[in-house]
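In the numbering used here, the protein residues as written are 434 to 864. Even glycine gets a Cβ: it sits at the ideal position worked out from N, Cα and C. Bear in mind that the values here come from a model prediction, so they are computed numbers and not experimental data. Since the structure comes first, as structure tokens, the remarks are kept for the end.
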């Protein structure tokens with residue numbers, strides 16, 4: 434059995450320091466080589482499954498350049514909104530390589546002409562028929578019964594319980610649908626490979642029931658996402674090889690005896706695929722000394738929401754400074770004055786204004802969850818390419834673009850007013 438991965442104990446980054454120092458901050462940087470390597474490892478782990486397909490959740494990193502890289506590596510695009518569906522098409526995915534799986538879709542989203550549609554709720558069937566003809570194949574999302582391996586599944590809202598799913602499948606058969614796909618989405622970050630074996634067991638058992646009881650053809654069984662990644666030095670990534678072995682054992686036990694040995698197993702991994710391939714660069718803008726030392730940085734919670742929203746930990750290092758002796762504990766605060774530090778506290782080498790910090794493992798659900806609290810424009814994104822060069826793949830948002838949808842758009846070309854009302858450009862020069 435292969436040992437689970439360990440995080441590199443050093444504060445290493447994937448791009449040369451001199452290249453990263455030349456970038457304006459804040460900004461995200463992604464590593465093309467890691468994206469491709471991770472995708473290849475996933476393919477290799479599930480190579481036993483004929484027709485294996487990995488689906489990347491577009492919401493994890495919705496950048497066309499990154500999506501094209503993953504498309505080249507054989508990934509499909511997993512979309513949950515009409516906007517993501519349009520982005521996937523624009524990024525070169527064929528309609529057959531896009532899976533559309535909205536949870537609470539609008540009527541307009543149900544009308545999206547997706548070739549691969551997943552229903553999260555049996556009640557959507559009537560609404561779907563009003564918007565478009567039923568496709569020859571539909572996907573159904575299973576909400577597995579609580580299991581000791583993933584006991585929190587009882588509170589997840591995604592999908593249908595087994596009884597509702599079987600009733601929906603029976604209704605589809607009566608309406609002429611002969612082919613269904615099965616998927617699940619726990620999204621709990623479970624580290625035990627047995628959790629995914631249990632999930633596979635639930636999916637495969639349901640697939641066998643659809644085949645044996647209703648005569649339906651099962652086109653795929655997708656395990657969804659939820660594999661965790663290591664954010665702390667003491668943590669380990671989920672062992673994808675061990676996960677695959679557990680799934681394969683359940684497949685051999687349930688699917689093959691039911692005559693379903695040719696059904697592809699699929700995944701919908703986001704964090705496991707791209708988290709380690711992204712860093713967020715930021716510059717220290719100020720230092721406060723006191724009972725608690727503070728570092729102010731030019732990145733804000735609007736650029737990286739996950740720590741505040743979910744309490745997630747992201748390793749932070751000082752670019753080019755890996756000293757261990759003399760480290761100080763800093764609370765790291767951003768430009769938006771809120772009582773809680775958005776990025777927590779870290780032991781770091783002593784920092785001064787101008788130092789560059791690296792926030793690690795932000796390649797999934799980082800930039801994509803950015804928002805505009807404090808009227809802070811979204812930062813730029815760069816790709817460290819396989820040839821060793823940096824490429825800007827999303828420019829920083831301009832301040833005026835924050836107001837582009839207002840009925841009264843502020844004039845950013847006007848000179849700023851001083852407190853006395855005199856235009857800044859009209860003030861006499863000093864001296």
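Report, in whole angstroms, the separation of the C-beta atoms of residue 639 and residue 488, which I expect to be a contact under 8 Å.
Actually they are not in contact, since the Cβ atoms of residue 639 and residue 488 sit about 19 Å apart, beyond 8 Å.
With three or more beta-carbon pairs closer than 8 Å as the criterion, would you say the region 758-776 touches the region 673-685?
no
On a Cα-Cα basis, can you pick out the residue from 518, 563, 528 that is closest to residue 540?
563
Classify residue 756 as buried or exposed, calling it buried when 16 or more other Cβ atoms lie within 10 Å of its own Cβ.
exposed
Tell me the DSSP secondary structure of residue 754 in three-state form.
strand
Quick one: what's got a C-beta closer than 6 Å to residue 536's C-beta in the same chain, skipping five residues either side?
553
So what does DSSP say about residue 446, is it helix, strand or coil?
coil
Under three-state DSSP, which class holds residue 464?
strand
What are the boundary residues of the alpha helix (DSSP H) that residue 630 is part of?
626-647
According to DSSP, is residue 829 helix, strand or coil?
coil
Can you tell which of 560, 802, 765 has the C-alpha that lies nearest to the C-alpha of residue 742?
802
Quick check for students: name the residue ranges of the alpha helix (DSSP H) that lie wholly in the region 698-756, counting only runs of 4 or more.
704-707, 739-743
How far does the beta strand (DSSP E) with residue 534 in it reach, from first residue to last?
Element bounds for residue 534: n/a, residue is neither H nor E.
Is residue 461 close to the ligand NAD? I mean its beta-carbon at under 7 Å from any heavy atom of the ligand.
Ligands in the displayed structure: none, and consequently the ligand NAD is not present.
Can you give me the Cβ contacts of residue 497 inside the same chain, cut-off strictly under 6 Å, excluding the 5 residues immediately before and after it?
524
Compare the beta carbon distance of residue 790 and residue 720 with 8 Å and say whether it is the shorter of the two.
no
State the DSSP-derived secondary structure class of residue 545, mapped to helix, strand or coil.
coil
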